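All remarks here apply to the structure that follows.
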Amino acid sequence: MMQQADPGLREDLMRQPWALWWLQAKRLTQIELRRNLFSWRASWIYFLAFIPTLIISIHSIVDPHDPTSISDDTQMLASIVHLYYIRLGVFFGCLGIFSRLIRGEMIERSLHFYLLSPVRREVLLLSKFAAGSATALLLFVTATLANVALIYLPFGAAGRDYLFNGPGIEQLEAYVLIIVLACLGYGAVFLLLSMMFKNPTPGALLFLGWEAINPVLPSMLQKLSVASYLRHLMPVNIGVKGLIALLTVETEPVAGWVATLGLLLLITAVLLYSCYRIRTLEIRYTTE
Amino acid sequence: MSIYKHHYRAYTGRVTPIWTRIFALARYGLAEAWSTKITAVLFVICLIPPVGFLFTIYLSNNPSARLLMGTVGTRVLAIDGSFFLRVLTIQSWLAMALASCIAPRLITLDIVDNALPILLSHSISRFGYVLGKYAALFATLSTVTWVPCLLLFAYQGYASPVPWAASNLRIGVGMLAGALIWIALISLLGLALSSWVKWRGVATGVIFAVILVPAGVGAIVTGVLHTKWGLLLNVPVMMSYLWERLLDVHNRIDNALQLPTMAIVTMLALGCCLSMVMLNTRIRAREVVRG
Amino acid sequence: MNDLIVFENVSKFYGEVLGVNRVSLTIPPGITTLVGPNGSGKTTLMNLLTGLVQPSSGSISVMGLSSRDANKFFATVGYCTQFDFFPRDITGWQFLVDSLMLYGMSKLTAIQLAEESLQRVQLDKTAAWRKIDGYSKGMRQKIRLAQAIAHRPRVIVLDEPLNGLDPMARAEAMALFEALGCQGIHLIISSHVLDEVDRIADRVVLITGGYLIAEGNIHQVRQEVREKPMQVLVRCDRPEALASKMFAMNHCVEARLHPDGKGIFLRTGDVDQFYSILNVIATEGIVKIEAVAPADDDANAIYQYLIGSDGGAL
Numbered sequence: 001m002m003q004q005a006d007p008g009l010r011e012d013l014m015r016q017p018w019a020l021w022w023l024q025a026k027r028l029t030q031i032e033l034r035r036n037l038f039s040w041r042a043s044w045i046y047f048l049a050f051i052p053t054l055i056i057s058i059h060s061i062v063d064p065h066d067p068t069s070i071s072d073d074t075q076m077l078a079s080i081v082h083l084y085y086i087r088l089g090v091f092f093g094c095l096g097i098f099s100r101l102i103r104g105e106m107i108e109r110s111l112h113f114y115l116l117s118p119v120r121r122e123v124l125l126l127s128k129f130a131a132g133s134a135t136a137l138l139l140f141v142t143a144t145l146a147n148v149a150l151i152y153l154p155f156g157a158a159g160r161d162y163l164f165n166g167p168g169i170e171q172l173e174a175y176v177l178i179i180v181l182a183c184l185g186y187g188a189v190f191l192l193l194s195m196m197f198k199n200p201t202p203g204a205l206l207f208l209g210w211e212a213i214n215p216v217l218p219s220m221l222q223k224l225s226v227a228s229y230l231r232h233l234m235p236v237n238i239g240v241k242g243l244i245a246l247l248t249v250e251t252e253p254v255a256g257w258v259a260t261l262g263l264l265l266l267i268t269a270v271l272l273y274s275c276y277r278i279r280t281l282e283i284r285y286t287t288e
Numbered sequence: 001m002s003i004y005k006h007h008y009r010a011y012t013g014r015v016t017p018i019w020t021r022i023f024a025l026a027r028y029g030l031a032e033a034w035s036t037k038i039t040a041v042l043f044v045i046c047l048i049p050p051v052g053f054l055f056t057i058y059l060s061n062n063p064s065a066r067l068l069m070g071t072v073g074t075r076v077l078a079i080d081g082s083f084f085l086r087v088l089t090i091q092s093w094l095a096m097a098l099a100s101c102i103a104p105r106l107i108t109l110d111i112v113d114n115a116l117p118i119l120l121s122h123s124i125s126r127f128g129y130v131l132g133k134y135a136a137l138f139a140t141l142s143t144v145t146w147v148p149c150l151l152l153f154a155y156q157g158y159a160s161p162v163p164w165a166a167s168n169l170r171i172g173v174g175m176l177a178g179a180l181i182w183i184a185l186i187s188l189l190g191l192a193l194s195s196w197v198k199w200r201g202v203a204t205g206v207i208f209a210v211i212l213v214p215a216g217v218g219a220i221v222t223g224v225l226h227t228k229w230g231l232l233l234n235v236p237v238m239m240s241y242l243w244e245r246l247l248d249v250h251n252r253i254d255n256a257l258q259l260p261t262m263a264i265v266t267m268l269a270l271g272c273c274l275s276m277v278m279l280n281t282r283i284r285a286r287e288v289v290r291g
Numbered sequence: 001m002n003d004l005i006v007f008e009n010v011s012k013f014y015g016e017v018l019g020v021n022r023v024s025l026t027i028p029p030g031i032t033t034l035v036g037p038n039g040s041g042k043t044t045l046m047n048l049l050t051g052l053v054q055p056s057s058g059s060i061s062v063m064g065l066s067s068r069d070a071n072k073f074f075a076t077v078g079y080c081t082q083f084d085f086f087p088r089d090i091t092g093w094q095f096l097v098d099s100l101m102l103y104g105m106s107k108l109t110a111i112q113l114a115e116e117s118l119q120r121v122q123l124d125k126t127a128a129w130r131k132i133d134g135y136s137k138g139m140r141q142k143i144r145l146a147q148a149i150a151h152r153p154r155v156i157v158l159d160e161p162l163n164g165l166d167p168m169a170r171a172e173a174m175a176l177f178e179a180l181g182c183q184g185i186h187l188i189i190s191s192h193v194l195d196e197v198d199r200i201a202d203r204v205v206l207i208t209g210g211y212l213i214a215e216g217n218i219h220q221v222r223q224e225v226r227e228k229p230m231q232v233l234v235r236c237d238r239p240e241a242l243a244s245k246m247f248a249m250n251h252c253v254e255a256r257l258h259p260d261g262k263g264i265f266l267r268t269g270d271v272d273q274f275y276s277i278l279n280v281i282a283t284e285g286i287v288k289i290e291a292v293a294p295a296d297d298d299a300n301a302i303y304q305y306l307i308g309s310d311g312g313a314l
């Protein structure tokens, strides 16, 4: 039975206009990128991404850089990535970027132009997701790279040595991976929330709370969190105390590749469900 | 002249004083704020902690009930400044959640539906409009902040076997002042942000983001630049410092991280002024053309 | 691929609110007007046709295509909605070219088609380079229309396309619709300006309260409305004499003198017999007849008779 079904499925897949979809996806992504990146309304996302960079650059100018303080700055950088970018910057940035993609257009009553274009709705959704991800990644990854450079390069030879010959490069890779996965993970979740609810913000804020208390939940529930996967990828342990420590505690050590794969699977599942939702999405602006 | 008889007569009857008209806006604002189930649910959630605190005060002042409850720590049952600071802190943050839900409902709908030109073409000034909305928000937030706080204070004064209220008046006044400052700040902030972010959903998120993100940025400033002044961006920390001082509670925070009261008040006043400037820019009788 | 638009027993409910109910309709090429009062279901019908909303029951096919096959369907269909909203911070030109590029065509072709559609709706190219946010209502209507026809669809659906247009622009739009209709495409228009649409429409679809109440050629539909006798204006030198002659016939139920005294409105229950008698009268020379014209054989009259005061204000 399976042998008969497979060629049929393959033929069916081959018959699809993949080249056209690819072209449409590219053009939609370009249009969305233009609207996401080059609009004054995106300025607050630039602020979220680059405000730590600004503070670090002040630090690199005004503070003395004694080679012994590299470890302090390494801790500081880890704290910024873990406590600011993942919990606040990327979170609120992605909330803004991704909930605008579908729900924002419904609020502005312009989504019908897309739904009336000759583009499959799944292609439309994935293109919008790609554009949102590209925007978030461009801003937050650039900011992370700039932060790393501004932290270590003022140390001169010691900093360069730490960065290129020491653990610095591995940490940089880990931070970039964390930021990429955070953008994709939060992006997928907020895109879905914005399609499910007229007002996705309460849902997103509950999700923020969920992410905060996630480390103390049973391991099964921990799998339904973006930040829990990212915690396992952190290259540096940050020594914080009090309530904040709750955000960094690692209750069950998990291998990096497992965490990455787990998060990618979560993102895929969320996107698949989003594709299903957009198939049945109706334009009813009067209820917005 | 084609019109021979003029039947039309302008209204010359009694009118209410101008200052009372803001209450019409406040009334409609309240109706709008309470038209959603989310407000009702949040309001109920806001009233749960006071019930718990009331029970604590009862236990604290009733030895026989305490005996029935078994071993309850004396620290938990100590009704002092720290206890009321806890009450105020919890109620204030719940009020913040309530404000983030209500404030956008009060303003964004008027702006999105281009109702401002209609409203402001009546004998209501822009200031009156904001005051009306503010009154609606103030009334709602009061019922979950200083009103339950003072009721608990009064109950403690009544239930305590020794004269308590007079000697701890500072706590009551401090709670009232602390709650009023907080309501003023979050109401203005909520209304101002809602007037700029026309999408109600985003406005709710932005109100939270404006409190939480600067707190994160302040923490980075404090950490990276080794200065306590970064905490001036941290509204939660600033408010807890202010509340502690108003209630005369000695905090457990490192002295090096203490902020002068004047600096905190100046920052909060700056936040309020900025909100008023935002409202002044946005609340105008003009049509918003949406592209 | 057939050339018909087919609604098969289509119903749409928004929760408990009825959008349209059990609509079965077959629309051949030509100009079709959707007529009905506010909230009657015209926009719902158009949204169903274009796949913006899905039917609760029944099925719709447009020239054999379904909106689920977006690539083919929207290459065939162009929809000018009545939503007066656009993506933010975008120029009219960008709006047109962006939407054309999604059809998979080259940039050069997209630019050519955008220029062509701007010409057709008579929107200045310099205006198209400005941001839509600053457009007047008429310009916004024109750019929407341009976007709907730019990819040369075979089915054009226009929801209140004359709204916001000044009399001059209205006349231009009507001429454009007439020209498009003559090319053998489907043009489905909903409009409140019945007099103007009436001139060019091949057929009318009357809808009220979500129910289809009549469809077909305007004159045929008028004749079907038997309970409302047809009104005919006869311009003649002796209207009173004509009236007395006509009242001798059973089917003539009402006569009303024209305000200028040189004509009479006659209402008849049997229009064929009426015309044959009028022939006889003219031949006898009792009355000198200058002109004869149906006075309520248009969409407006049909609307009044079939929907009337129940329909609410137009």
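Residue numbers (the numbering used here), protein chains in the order written: chain A, 1 to 288; chain B, 1 to 291; chain C, 1 to 314.
Glycine residues also receive a C-beta, built at the ideal position from the N, C-alpha and C atoms.
Given the structure is predicted, the values throughout are model-derived calculations rather than measurements.
In angstroms with no decimal places, state the Cα-to-Cα distance between residue i and residue j.
i	j	result
D133 of chain C	I90 of chain C	8 Å
I151 of chain A	R130 of chain C	45 Å
A154 of chain B	R231 of chain A	47 Å
W19 of chain B	Y28 of chain B	16 Å
R105 of chain B	G93 of chain A	23 Å
S275 of chain B	T260 of chain A	43 Å
I220 of chain B	A256 of chain B	16 Å
F84 of chain B	L242 of chain B	14 Å
T231 of chain C	R222 of chain C	It is worth fixing the name first, because residue 231 of chain C is Gln in this sequence and not Thr. Straight-line Cα distance between these residues: approximately 11 Å.
R160 of chain A	L189 of chain B	45 Å
P154 of chain A	L163 of chain A	12 Å
F197 of chain A	L268 of chain B	34 Å
Please check if any C-beta of chain A sits within less than 7 Å of the C-beta of residue i.
i	result
V221 of chain B	yes
W243 of chain B	no
A295 of chain C	no
D159 of chain C	no
Y135 of chain C	no
N71 of chain C	yes
L88 of chain B	no
Identify every residue that forms a DSSP beta bridge with residue i.
i	result
H186 of chain C	C:G30 and C:V155
M230 of chain C	C:T268
Give a yes or no on whether the minimum CB-CB distance between residue i and chain B is below 7 Å.
i	result
L191 of chain A	no
N237 of chain A	no
F164 of chain A	no
L95 of chain A	yes
What distance in whole Å lies between the Cβ atoms of residue j and residue i, which are believed to be in contact at a cut-off of 8 Å?
i	j	result
I48 of chain B	I79 of chain B	The Cβ separation is near 19 Å, so there is no contact.
S106 of chain C	A150 of chain C	At roughly 15 Å, the Cβ-Cβ gap does not stay under 8 Å, so S106 of chain C and A150 of chain C are not in contact.
P229 of chain C	V253 of chain C	5 Å
K128 of chain A	E32 of chain A	6 Å
Y46 of chain A	L139 of chain A	6 Å
V204 of chain C	V35 of chain C	6 Å
Taking only beta-carbon positions, decide if residue i is within less than 7 Å of chain C.
i	result
R109 of chain A	yes
P64 of chain A	no
S194 of chain A	no
H112 of chain A	yes
I70 of chain A	no
What does a CB cutoff of less than 7 Å around residue i pick up in its chain, not counting 5 residues either side in sequence?
i	result
A315 of chain B	Past the edges of chain B, shown from 1 to 291, lies residue 315 of chain B, and the structure says nothing about it.
K12 of chain C	G19, V20, T44, L48, V53, P55 and S56
A285 of chain B	L116, P117, L120 and S121
Y129 of chain B	L25, L119, L120 and I283
What does a CB cutoff of less than 6 Å around residue i pick up in its chain, not counting 5 residues either side in sequence?
i	result
T26 of chain C	L4 and V6
V148 of chain A	L172
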